[in-house]
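Asks: Take a look at this one; I'll ask things after.
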Amino acid sequence: MNLHRSANVAEWDLIPSKERNMCQQVAAASGGIITPANVVSVLGFGLVLSGLHSVKQENYKNGFTKIAVGRLMDVFDGVVAEETGTKAPLGEKLDATIDKLEAFVTLPTLANNDVMTKKIAGIFMANHLINAGISLYAKKRNIPIHVSRDGKLATLAQWSTIILNGYGTFTNKNNKPTKAGWLKQSGKVASMVGIYLGARTISGYISDVQHGRS
């Protein structure tokens, strides 16, 4: 799993300017703002927001398809950064920020539209808020915190919960209760995995901070 994890300097800064590929040249010229991975991340964010708008209009199939594609783009932005040689601290921060923004916007919206329970949405929200608090604490004390494998897997499980519940809602409204039931049950399993991995992620980040202070 590619974690979109960078060193403390941009990848292109370690390469002589004449040897940089086109993507690295554009990244260097834009101060790391314009990179293929950043474009993928932002486009994915836009798709998620568009999908949420569709969900609010009760166009569930279209909405959750866009949300699913948007999240897949987020999964692959690290691969894009790796393949183009454009990993950088700014890209890593953007990726993590978009992850949290998507969660903060999506979870309340779906809970309010009865796509998922308020309890599960609240637990996931608390997970993201605690992680954000740990990151801010570490940043103020110059302790490096990077996205962990558990963190990525927790995010995958949580978004699987969202997508499965979303398609379950759509299927139920199309009078297919048996299929809807399977999707909802699968969503419950994914939510339990997401809660477990979310707790492991928090524990791991706290350990990183403690080791960084020692």
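Here numbering that gives the first Met the number 0 is used: position 71 in the sequence shown is 70, and no number is missing along the way.
Each residue gets a CB set at the ideal place from its N, CA and C atoms; glycine is no exception.
1) Please state the DSSP three-state secondary structure of D113.
2) Under three-state DSSP, which class holds N58?
3) Please state whether DSSP places V146 in a helix, a strand or coil.
4) Quick one: give me the first and last residue of the alpha helix (DSSP H) that V8 is part of.
5) State the CB to CB distance for the pair L155 and S185, rounded to an integer number of angstroms; the pair is presumed to be in contact (CB under 8 Å).
6) Take the Cβ of L71 as the centre, count every other Cβ of all protein chains shown within 10 Å, and call the residue buried at 16 or more, exposed below.
7) Helix, strand or coil for K86 per DSSP?
8) K17 by DSSP, collapsed to three states: which one?
9) What's the gap between the Cα of H210 and the Cα of Y59?
10) Taking the alpha carbon of K99 as the reference point, which residue from P107, A131, L109 has its own alpha carbon closest?
11) Taking buried to mean at least 16 other C-beta atoms within 10 Å of its own C-beta, is Q24 buried or exposed?
12) Under 8 Å between the Cβ atoms of G90 and A102?
Replies: Taking the coordinates as given:
1) coil
2) coil
3) coil
4) Premise fails: V8 is in no alpha helix (DSSP H) and is neither H nor E.
5) About 14 Å; that fails the 8 Å criterion.
6) exposed
7) coil
8) helix
9) 45 Å
10) A131
11) exposed
12) no
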